[in-house]
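Colleague: Numbering (our numbering), first residue to last: 31 to 658.
Idealized CB from N, CA, C, for every residue including glycine.
Structure in structure tokens, see below.
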Ligand code: ADP
């Protein structure tokens, strides 16, 4: 192939533009990204060679070499990993297949600091080379292909790149950065490069080699020798004993695997022996990633087998509801050539998954139950970011239901956040044995629900459930420590022992007197309400909508409708407050009875966040009443 010029995919152009014009802080991370790509390429080769040892081409020692030429102002990152064919170079270095590019650019445009760190988070690390280079040359050959099928890829990081065939004896890749004049001074120094490698790449389990320097007395300066030295620790961090790893190292490792610029909330590092032998290093992030809601997204836990990287989205290792956890699991028992299918079935993996789930729940419990105010704040931070995801667990993980329920936090009529079921139970009134809840679209809507009035009056706490996932949670969680969960918008309110005799009697008398009006109301609303009945749950409002115990709540029906899914259309029940002035007017106002009845119903529907089927009819009725 002679030299060919290709245009970058539009997304790549945009990224390159941002990279070269926007990223000012943390420039040094380009080296981390390129070394990490080099190390991934070696991992890939090792993995492919499990089935085809010939790919090693008699050179099985995998390594990364970092060299520079101060005169030519070039910095080269070389690996003897899997390399790329011409097609692979064009597709891997000329297009971005991954989703998330748009989010990346939006973040960059929003971000004040223009932190280069962000780049790794979005899987476009290769392009970070253009932060410091005005030209990048990649020379590569795919392992297993003949030397004549080497490739040279060159680009100035603008609109296009060139590809040409070269002869390359060694498999693997050289990434050659032609540094900008103003960057060359900083990065073409052994000590500087060593310190960056130490900072970011110590945990990389391959040796990263650089030429040794020696003091030259004649020139009275350091000069490069032909000897090589390993400049990273080359020992996987998780494989080192806990006592030898500092908190700072754990934190730095977290940054590398998560690309999160904030430190994690908590981490745990253990060697587990038993049915299955493995090491776990798991982190709980402080901030939700942009794609948390994508249940198909890659898991955050990387799988290694005896230090060899196997895959980084091993969803079999963690339940879906813990998809925010980041870390590494290194198994001593799994076969190196384990496939995804095998992972799903393996009993060892099941044991690992159970063990890791318990660990993560344990970490969360120790934050939640801690006496320290700092930990409590951390738990609330966690809950705000990931609580809704953790709620998915109640239906997914039966074995841990009780532990999960204890970790849940809600808003209630007592506090806007942080109320646990245990707090609620502790505050229950004498004679109360039910946990009362209400679901709504927002905290404001929940607080304004007419159904809460009687509970407020009696000082009975109600949990306000306003996450989308709450309805779903309620369909899996019926009770907490023997106390049933009851929606105050479902069924008739029965405050049981909480209501005093005097009030009961009075309510019965009012209801009795209201009966004739009630019958007329039922007749007037027969096409809209399943039933009309008097209630004691209202104090200030004339009426409210409730659904029957087994029926789907109005809120859930709305959510389903929004999601484009049909919901069974069950008619609601209208409950009226017979003591309310508006309701009392009904009895003596034959002329306007019908209008008042419909307005009562429509307003109850509106108050509850619902939508009117026929808003025009409502407006006409109100207009008639107001102009009478
Ligand atoms: P990511 O590494 O997150 O996939 P990058 O933009 O850093 O994204 O790299 C794009 C792709 O280019 C990689 O997925 C890989 O296939 C290929 N690549 C980059 N560097 C190398 C290398 N040194 N050896 C082989 N392939 C590489």
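#1: Spatial neighbours of residue 259 within its chain, please: CB distance less than 6 Å, with the 5 preceding and 5 following residues excluded, ordered by chain position.
#2: Exposed or buried, what is residue 489 when buried is set at 16 or more other beta-carbons lying within 10 Å of its beta-carbon?
#3: Exposed or buried, residue 466, counting other C-beta atoms within 10 Å across all chains shown (16 or more means buried)?
#4: According to DSSP, what are the bridge partners of residue 338?
#5: On the CB-based measure, 16 or more other CB atoms within 10 Å of its CB, does residue 383 come out buried or exposed?
#6: Let me check understanding here. Comparing Cα to Cα, which of 564, 637, 557 and 539 lies closest to residue 584?
#7: Just tell me which of 250, 616 and 595 has its CA closest to the CA of residue 572.
#8: Give the C-beta separation of residue 321 and residue 337 to the nearest angstrom, bearing in mind that I take them to be a contact with Cβ-Cβ under 8 Å.
#9: Give the DSSP-derived three-state secondary structure of residue 600 in the structure shown.
#10: Taking residue 387 as the reference, give the member of 339, 331 and 371 with the closest Cα.
#11: Can you give me the start and stop residues for the beta strand (DSSP E) that residue 98 sits inside?
#12: With a threshold of 16 other CB atoms inside 10 Å of the CB of residue 281, please say whether the residue is buried or exposed.
#13: Starting from residue 506, follow the beta strand (DSSP E) in both directions and report where the run begins and ends.
#14: Considering residue 158, what are the terminal residues of the alpha helix (DSSP H) in which it resides?
#15: Expressed to the nearest angstrom, what Euclidean distance is found between the alpha-carbon atoms of residue 418 and residue 493?
#16: Going by Cα to Cα distance, which pick from 185, 265 and 163 is closest to residue 36?
#17: Are the stretch 435 to 447 and the stretch 305 to 322 in contact at 8 Å, needing three or more beta carbon pairs?
#18: Three or more C-beta pairs closer than 8 Å, one from the stretch 452 to 466 and one from the stretch 529 to 539: is that the case here?
#19: Give me the residue from 101, 379, 415 and 592 with the minimum Cα distance to residue 471.
#20: Sorted by chain position, which residues of the same chain lie with C-beta nearer than 6 Å to residue 447's C-beta, five sequence neighbours on each side aside?
#21: Tell me which residues share the same chain as residue 124 and place their Cβ nearer than 7 Å to its Cβ, disregarding the 5 neighbours each side in the sequence.
#22: Report the rounded CA-to-CA distance for residue 234 versus residue 228, giving the unit in angstroms.
#23: With a threshold of 6 Å, establish whether the CB of residue 470 neighbours any heavy atom of ligand 1.
#24: I'd like the ranges of any beta strand (DSSP E) spanning at least 3 consecutive residues and lying wholly in the stretch 437 to 495.
#25: Quick one, are the C-beta atoms of residue 170 and residue 181 less than 7 Å apart?
#26: Classify residue 257 as buried or exposed, calling it buried when 16 or more other Cβ atoms lie within 10 Å of its own Cβ.
#27: Specify, as a first and last residue, the run of the beta strand (DSSP E) that residue 300 falls within.
#28: Let me know if residue 306 comes out buried or exposed under the rule of 16 or more other beta-carbons within 10 Å of its beta-carbon.
#29: Quick one: Cα of residue 587 to Cα of residue 549, how far?
#30: Starting from residue 181, trace the beta strand (DSSP E) in both directions and tell me its first and last residue.
#31: Which two residues bound the contiguous beta strand (DSSP E) that contains residue 562?
#32: At which residues does the alpha helix (DSSP H) containing residue 348 begin and terminate?
#33: Where do the N-terminal and C-terminal ends of the alpha helix (DSSP H) with residue 393 fall, by residue?
#34: Going by the CB atoms, is the gap between residue 161 and residue 60 shorter than 7 Å?
#35: With a threshold of 6 Å, establish whether the CB of residue 154 neighbours any heavy atom of ligand 1.
#36: Could you give the residue range of the beta strand (DSSP E) that holds residue 241?
Modeller: Let me lay it out:
#1: These residues qualify, in order along the chain: 242.
#2: Residue 489 counts as exposed, since fewer than 16 other C-beta atoms from the protein chains shown sit within 10 angstroms of its C-beta.
#3: Buried.
#4: The bridge partners DSSP lists for residue 338 are 335.
#5: Flag for residue 383 reads buried.
#6: Considering only alpha carbons, the answer is 637.
#7: Closest option to residue 572, Cα to Cα, is 616.
#8: About 29 Å; that fails the 8 Å criterion.
#9: Of the three classes helix, strand and coil, the one that applies to residue 600 here is coil, per DSSP.
#10: Of 339, 331 and 371, the residue nearest in Cα terms is 331.
#11: From DSSP, the beta strand (DSSP E) with residue 98 extends over 94 to 99.
#12: Flag for residue 281 reads exposed.
#13: Element bounds for residue 506: n/a, residue is neither H nor E.
#14: Unbroken run through residue 158: none, as it is neither H nor E.
#15: The alpha-carbon atoms of residue 418 and residue 493 are separated by roughly 15 Å.
#16: Looking at the Cα atoms, 185 is the closest of the given residues.
#17: No, the stretch 435 to 447 is not in contact with the stretch 305 to 322.
#18: Not touching, per the Cβ criterion.
#19: Comparing Cα-Cα distances from residue 471 to each of 101, 379, 415 and 592, the minimum goes to 592.
#20: Closer than 6 Å at Cβ, skipping near neighbours: 441.
#21: Only residues of its own chain outside the window of five on either side were considered, and among them 36, 38, 39, 42 and 191 have a CB closer than 7 Å to the CB of residue 124, listed in chain order.
#22: Roughly 10 Å separates the two Cα atoms.
#23: It does not: the Cβ of residue 470 is nowhere closer than 6 Å to a heavy atom of ligand 1.
#24: Secondary structure remark: continuous beta strand (DSSP E) runs of at least 3 residues inside the stretch 437 to 495, in chain order: 465 to 469 and 493 to 495.
#25: Against a cut-off of 7 Å, the Cβ pair of residue 181 and residue 170 comes out as a contact.
#26: Classification of residue 257: exposed, given that the 10 Å Cβ count is below 16.
#27: 296 to 302 is the extent of the beta strand (DSSP E) around residue 300.
#28: Counting C-beta atoms within 10 angstroms of its own C-beta, residue 306 has 16 or more neighbours from the protein chains shown and is therefore classed as buried.
#29: Near 28 Å, if we compare the C-alpha coordinates of residue 549 and residue 587.
#30: Start and end: 180 to 185.
#31: Unbroken beta strand (DSSP E) run through residue 562: 561 to 564.
#32: Looking at the DSSP string, residue 348 is not in any alpha helix (DSSP H), and its letter there is neither H nor E.
#33: It spans 377 to 398 - the alpha helix (DSSP H) in which residue 393 sits, taken as one unbroken run.
#34: Contact flag set, yes.
#35: Yes, the Cβ of residue 154 comes within 6 Å of a heavy atom of ligand 1.
#36: Here the beta strand (DSSP E) through residue 241 covers 238 to 246.
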